[in-house]
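The structure under discussion appears below in the form of structure tokens.
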Amino acid sequence: MKIGDTVRFLNEIGGGVIVGFQDKNIVLVKGDDGFEIPTLISEVVVMESKDEEGERPAKKPSANADNRFRTRQPDTYVRSFDDDEDEKPVTFKPRPMERRGADVLRLYLAFLPFDEDTEEPKLEVYLINDSNYSLGIAIIQIENAAGKVRHEGTFEPNTKQFLEEMTYRQLGEWERITIQGYAVKYNKPFRIKPAFSTKLRIDGSKFYKPGAFSDTDFFDEKVRLIEVKIEGQ
Numbered sequence: 169m170k171i172g173d174t175v176r177f178l179n180e181i182g183g184g185v186i187v188g189f190q191d192k193n194i195v196l197v198k199g200d201d202g203f204e205i206p207t208l209i210s211e212v213v214v215m216e217s218k219d220e221e222g223e224r225p226a227k228k229p230s231a232n233a234d235n236r237f238r239t240r241q242p243d244t245y246v247r248s249f250d251d252d253e254d255e256k257p258v259t260f261k262p263r264p265m266e267r268r269g270a271d272v273l274r275l276y277l278a279f280l281p282f283d284e285d286t287e288e289p290k291l292e293v294y295l296i297n298d299s300n301y302s303l304g305i306a307i308i309q310i311e312n313a314a315g316k317v318r319h320e321g322t323f324e325p326n327t328k329q330f331l332e333e334m335t336y337r338q339l340g341e342w343e344r345i346t347i348q349g350y351a352v353k354y355n356k357p358f359r360i361k362p363a364f365s366t367k368l369r370i371d372g373s374k375f376y377k378p379g380a381f382s383d384t385d386f387f388d389e390k391v392r393l394i395e396v397k398i399e400g401q
């Protein structure tokens, strides 16, 4: 692993080009937005290595490529510089990069269509945390006045996370959704935000209409973006 290598993150969407080393266990990864993100070497995987004559162009990330979030682990892991050194537990996690003006909680659901030319087109569902806070989230499906947890977990700041793949016929399962959550920052003081609970009604019939999917800042492809409004900030 060296400066100029193109890498992707193992535990979140995206990647970039290595532009330096903070120490022997942390690399500085420059993403498409120009920010340099300190990242543990064990949390990145090399996608394209810089050759001896120069740097190859970085691959453009795509929501349909392998850089999207998955629960499975890759086949290859990147080790530290000294393979002979005794392994020690990781007790430090680099602080997430923050964006100016992003302390207001902004949360979105995104539906990305694919296989549209097949007999049964499909959708990928993502949750987008467009804020500087880590969010603890539960996505609850409402059925007959009762709740059923469909997804839950921690969503890192300024990331999009893959939730599931489904067919258009399954949109009815998303018709009545409640999203509950809380916001925190780790390893630094922060302004406390109240816990929130937002009800959504997602009309599946609108997904079939012209213009249902549009360009956004979060994907290269057109998606249907639904804002999860958070009151009381």
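Numbered by the numbering used here, the letters in the sequence shown go through residues 169 to 401 in order.
Glycine is no exception: its CB is placed at the ideal position from the N, C-alpha and C atoms.
- DSSP places VAL187 in the uninterrupted beta strand (DSSP E) bounded by 183–191.
- In the three-state DSSP reduction, ILE360 falls in the coil class, being neither helix nor strand.
- Non-local C-beta neighbours of LYS316 in its own chain, meaning closer than 6 Å and more than five positions away in sequence, comprise GLN309, ordered along the chain.
- Annotated three-state conformation of TYR376 is helix, per DSSP.
- Note on LYS361: 16 or more other CB atoms within 10 angstroms of its CB, so buried under the neighbour-count rule.
- With distances taken between CA atoms, PHE375 lies nearest to GLY340 out of LYS356, GLY340 and PRO357.
- In the assembly as shown, ALA351 is a buried residue. Its beta-carbon has 16 or more other beta-carbons within 10 Å.
- ILE370: not part of any beta strand (DSSP E); DSSP gives it neither H nor E.
- Beta-bridge partners of LEU196 (DSSP): GLY188 and PRO206.
- Looking from the CA of GLN329, the closest CA among SER302, GLY269 and ILE194 belongs to SER302.
- Setting aside the 5 residues that flank it on each side, LEU178 is surrounded in the same chain by GLU211, VAL212, VAL213 and PRO242, each with a C-beta closer than 7 Å to its C-beta; the list follows chain order.
- Contact between the stretch 263–281 and the stretch 385–395 is present, with at least three C-beta pairs closer than 8 Å.
- Bounds of the beta strand (DSSP E) holding PRO281 are 275–282.
- Here GLY184 is buried: its Cβ has 16 or more other Cβ atoms, across all protein chains shown, within 10 Å.
- Distances from the CA of LYS218 to each of LEU295, VAL195 and ILE186 were compared; the closest alpha carbon is that of ILE186.
- When DSSP states are grouped into helix, strand and coil, TYR336 belongs to the helix group.
- No Cβ-Cβ contact shorter than 8 Å links LEU291 with TYR354.
- Burial is judged here by how many other beta carbons sit within 10 angstroms of a residue's own beta carbon; ASN312 has fewer than 16 and is exposed.
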